[in-house]
Structures are given as structure tokens and as C-alpha cells.
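Residues 1461 to 1945 (my numbering) make up the sequence shown, in order. We put the beta carbon where it would ideally sit given N, CA and C, even for glycine.
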Amino acid sequence: MRILQVSAELFPLLKTGGLADVAGALPAALAAAGAEPRLLVPGFPAIRESLTKECAVAPVALPWSEDRAALLRGRLPGFDVPVYVLDAPGLFDRPGNPYGDAVGVAYPDNHRRFALLGLAAARLAEGVDASWRPEVVHAHDWHAGLACAHIAASRSRRRNDARTVFTIHNLAYQGLFPADHFCDLGLPPPHYAVEGLEFYGQVSFMKAGLHFADAITTVSPSYAREIQTPEQGCGLDGLLRHRAQDLHGILNGVDYAVWSPAHDRSIAQAYSLDRPEGKADCKAALQRECGLDVRADAPLFGVVSRLTEQKGLPLVLEALNDLIDAGGQLVVLGSGDARLEAAFADAAARHPGQVARRTGMDEGLAHRIYAGSDVVLVPSRFEPCGLTQLYGLSYGALPLVHRVGGLGDTVVDTTLEDLAAGTATGFVFNAFTADAYRRALRRAFALWSRPAYWARVRDAAMRQHFGWGAAAQRYMAVYEGLLQR
Ligand code: ADP
Ligand code: GLC
């Protein structure tokens, strides 16, 4: 089965969040499940510079000018499958992240940049590469949403018969643009309609995916239910309820080749379930690296996160004194919202030795935080899947999470009965309030004061397995279902 994965990010080359981890790991898992996957990514500098053995496949006409972009095929390090790269130097060859400039302001022509990605996917579905034509095009997040619209338009002209799958990684980011930008997208005018990609007078790339895809998936079973409610539907819950038969919640996996303390080269000392001693070395090394007091007896709480409204970090700040007064330590790695950055900087200044913060994307430090922490805090307001709690489980850093989305699907609270049954893996709070968060924090300290029980929960956490194999099987079932239709 020939599957084209379309994504704007790709670990390890280009990453702003979990989308990159997924896009980087899914192809190998699909190949292991018997599919023939390939990738289509924009030619951002980090990707373009890594492409080898490249050849030109076809030009892609820009709908808004006489110019053309080039669709290349080649190889990227770490990927066993051929990769298509959309080379459009004026559009993708820019500093900053995939979506905005160095200070995070969205590029004004993002609608053109990502419409072109969708167009390139449609050209591949039409067979511009005579040696490989996808049967299924699997588009990730709003950046790839127009692939579904372009393929539908081309299919109605009988130019392709590919099926499309659209995965929602985060419904809160929708790719909304003014209506007058529609003429740049290269789509037939009737597509700008309620039964299309119009959304309250704007163009929505997310809605293009949700409306035109043959199947929709999202990254956890709970989030698949939550987005069908007005509270979490971001205005699209009606459409999602309408498409409920085609909507599947498929939990993300962990790439244990990257995220396992047994063979992680970026941590101070390897360790595993059978030989957990090295975790203490990792903790001391992290404390030294971040300027925290080197104390084995202080429970160390780690945060690795985009600093955005979604991630619930105001709860951590509100209850910071509880954590400090009880003798805990906190290390925060992340950038984003200026007020949150300032608040964590202030906390670090007020509590030297107990609170540390680092900014920027630092993959190595992220690994050292999972390895060195006793708890990872993920109190997100909403969370489609969440990978950091899964990495915490793998590294024996017990996740403390809000029961929402994928967090509730993957962490088992340390209640007395789950402790007795050996099924507890972390701390889960229900209401999104500082009080509920505080109570979970107190449960963590209560467990910490009973080391034998702590070790038991940590073992259960490290025994969890969220490999990509299970997710790949479920995606295969979705693809097969579409091809049989
Ligand atoms: P989201 O995609 O919403 O940001 P996820 O939990 O799915 O959340 O994935 C976050 C990913 O980004 C994880 O791989 C996490 O380790 C990584 N990450 C987040 N912030 C940083 C940072 N400042 N430095 C390095 N990695 C980070
Ligand atoms: C999004 C979500 C996150 C999810 C990731 C990968 O960024 O916010 O919950 O884990 O995508 O699917």
C-alpha cells in the first residue's frame, strides 16, 4: 500500500513540537507494518540542506503567479524511504521556524506556502512521479489540510483516485486567513463555501482537511470525543459530529530508539528497569547542569514545554510555593508566552538552588530533564495526545497530569487501589483548578516520602509500552477501509 505522509515538520531535522516526532517516527512504523510509505515536506533550509541523491520530479505551478516551484525526490538522513521535497526558495528558504520569523510573527504569505504543499501532494496523487503514485495521501495538521481539498478537486476531474486521511494534531491551530486570500490557493471557486473551507467568513485550512478528507484521525481516543463538544470543538464540533463515523482516535506512539534511558547518549548515565541506579546519577548531573542544589532527597519536578495557554503552566506558578515549601525542586525548559517566560525567570531568581529555567529548543537538555527528574509536570488545559508524559514514563519520571485528552488516556493515578494493584504510573487531577493540581502535588510528595512505594510506581511507569507498532496497525486499518470503499 503506497502511502504519502505530508507534514510541515520532521524530527530530527525540523521540530517545534510533537508533530515532528510523529512525522519522524510514523514512516518506519508503517513500513514495518507492511506499507510503502513516503514523505512530502516543504524545502525549509534544514531539510533542503540535508537532502541527498536528489532528482527533479516535476515543476509545480504557483496559482498566484507565472513562477514554478520544483518537486524533488531524494533521501534524508535517518529515513529509509524516499522523500519528496517541495523546493520553492522564495517561500521556504527563510530564517525562523516553519511558520514565522525569528521573533515568532507568522509570515503573511503562509496561505500560499502551505497551499503549495497541498498542490504538490495533489500532483503526486495525479502521478507526476511515474515510478510511484500514492494510493493514500495522509495529511498532518492545518499546514497540509489543503492537500485534501486539492485532491478532491482533482479527483472530481478524474485526474486521481487517491484516498485522503487528515490527522488533527491540535484543533486550536486552524490556519485561518482572510477570504480574499482564497484566489491564491488554486482551488475551484465553489470550494469557498460552508460545505468547503469557508469558516465564519474566513478561509480555514483546518476545515479543508476536515471537510474534504475521506477519513479523519486525531491523536488520542479521548481527544476524538472531546473535540465533538462545544467546549473543545473550537467552533468545528458540529462538523466533527457530522463526520463522527469517519473520525478515529489513534494514540501516538513513542520512538523508543530515541526515547529510552537504556541507550540514550545525551544523558549522564544509562539506566533501565533492571538497572535503575543510573537515574540517580542523571538527577545529580541535571542538578549540577542547571545550578540546582545537588540533593538526592529533594524530589525534582521537570517541565519541557511550549509556554502557551494550552499547557496549563499558570497552575504550576500558582502552586509554586507549595512545591518549594515541601522541599521540591523545579526545572523548566521552554519558550513562548512572554509573561510565562518572565514568571519562571522571576521564580528562578527568587529561589536559586530550587528553581531553574532554560529557554530555547534544546533537544539534549530535554532528554536530560526526563532522565534526571522524578516527576514531569504536564497540567495542560487541553492536550490532544501529549508526548512529554510518555517520555516521562519511559524515563521513570512520573507524569503529573490533568485528566484531559491523551494525558488521561496514558497515565494512571496513584490511588490506593492502583498502588496496591501495581497499575499506578503517575498523578492525575480532574478539575482544571489550582486546588486540584495542589492535591495531586501533595499526592506526589506523600508517595515520595515512602521510597519503596515510589520505586514500585516508577517501575510500573517504566514498564509501560506505547510503541508505534500499535498506532501503525490502526492507521493501516483506516487506509485499508478507505481503499475497499
Ligand atoms: P506539543 O506538540 O503540543 O508541543 P507534545 O507533548 O506532543 O506537545 O510534544 C512536545 C515535543 O517537543 C516533545 O518532543 C518535547 O520533548 C519537545 N519540546 C518542547 N519544548 C522543548 C524545548 N524547549 N526544547 C526541546 N524540546 C522541547
Ligand atoms: C500537537 C498536540 C500534542 C500532540 C502532538 C503530536 O502538537 O498539542 O498533544 O502530542 O501534536 O500529535
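- Assigned with DSSP and collapsed to three states, H1671 falls in helix.
- Between the ligand GLC and V1466, a heavy atom-to-CB distance of less than 6 Å is absent.
- With 16 or more other Cβ atoms from the protein chains shown falling within 10 Å of its own Cβ, D1715 counts as buried.
- G1605 sits close to F1665, with the two beta carbons spaced by under 7 Å.
- By the Cβ test, the region 1532-1550 is in contact with the region 1483-1494, since at least three Cβ pairs between them sit closer than 8 Å.
- Around the ligand GLC, the residues selected by a Cβ distance under 7 Å to any of its heavy atoms are G1477, G1478, L1479, D1481, V1482, H1629, N1630, V1679, N1712, Q1770, E1843, P1844, C1845, G1846, L1847, G1865, G1866, following chain order.
- Judged by DSSP in its simplified three-state form, A1745 adopts helix.
- The ligand ADP approaches G1794 closely enough that one of its heavy atoms is under 6 Å from the residue's Cβ.
- A buried status is given to T1885, since no fewer than 16 other beta-carbon atoms sit within 10 Å of its beta-carbon.
- DSSP places H1571 in the uninterrupted alpha helix (DSSP H) bounded by 1570-1586.
- Annotation for D1822 indicates a beta carbon within 6 Å of some heavy atom of the ligand ADP.
- If only complete runs of 3 or more residues are kept, the region 1488-1565 shows the beta strand (DSSP E) at 1496-1502, 1512-1521, 1528-1535, 1543-1547, in order along the chain.
- Not one heavy atom of the ligand ADP sits closer than 6 Å to the Cβ of R1841.
- Around G1882, the same chain offers R1916, A1920 as residues with beta carbons nearer than 8 Å, after the five sequence neighbours per side are excluded.
- Cβ atoms of A1786 and F1905 come within 8 Å of each other, at about 5 Å.
- A direct Cα-Cα distance of roughly 11 Å separates R1528 from A1580.
- Under DSSP, R1818 forms a beta bridge with L1793.
- Taking all protein chains shown into account, R1583 has 16 or more neighbouring C-beta atoms within 10 Å of its C-beta and is therefore buried.
- The residues A1480, D1481, G1484, in chain order, have a CB closer than 6 Å to that of F1471 in the same chain once the five nearest residues on each side in sequence are set aside.
- Excluding its 5 nearest sequence neighbours in each direction, A1831 has C-beta neighbours in its own chain below 6 Å: P1721, I1727, C1742, Y1855, listed in chain order.
- Within the chosen limit of 6 Å, the ligand ADP does not reach the beta carbon of V1815 with any heavy atom.
- The shortest CA-to-CA distance from V1679 to any of D1757, T1848, E1843, G1635 is the one to E1843.
- Under DSSP, V1625 takes part in a beta bridge, and its partners are H1598, A1675.
- The DSSP-derived three-state label of I1727 is coil.
- In this structure L1474 is in contact with F1504, their Cβ atoms being roughly 6 Å apart against a cut-off of 8 Å.
- Under the Cβ criterion (8 Å, minimum of three pairs), the region 1629-1646 does not count as touching the region 1584-1595.
- Secondary structure remark: continuous alpha helix (DSSP H) runs of at least 4 residues inside the region 1823-1880, in chain order: 1823-1832, 1848-1854, 1865-1870.
- Contact between T1874 and R1903 is confirmed by a C-beta separation of about 6 Å, below the 8 Å threshold.
- By the Cβ test, the region 1761-1775 is in contact with the region 1836-1850, since at least three Cβ pairs between them sit closer than 8 Å.
- One thing to note: G1794 has its Cβ no nearer than 7 Å to the Cβ of S1833.
- Counting along the chain, no alpha helix (DSSP H) covers F1926, and no H or E run does either.
- Per DSSP, reduced to three states, the secondary structure at F1804 is helical.
- The beta carbon of F1887 sits closer than 7 Å to those of L1858, L1860, D1873, T1874, A1900, R1903, A1904, all from its chain and outside the five residues before and after it, given in chain order.
- Using a Cβ distance threshold of 7 Å, L1536 and S1510 count as a contacting pair.
- Contact check for L1700 and H1671: beta-carbon distance about 11 Å, past the 8 Å limit, so the pair fails to qualify.
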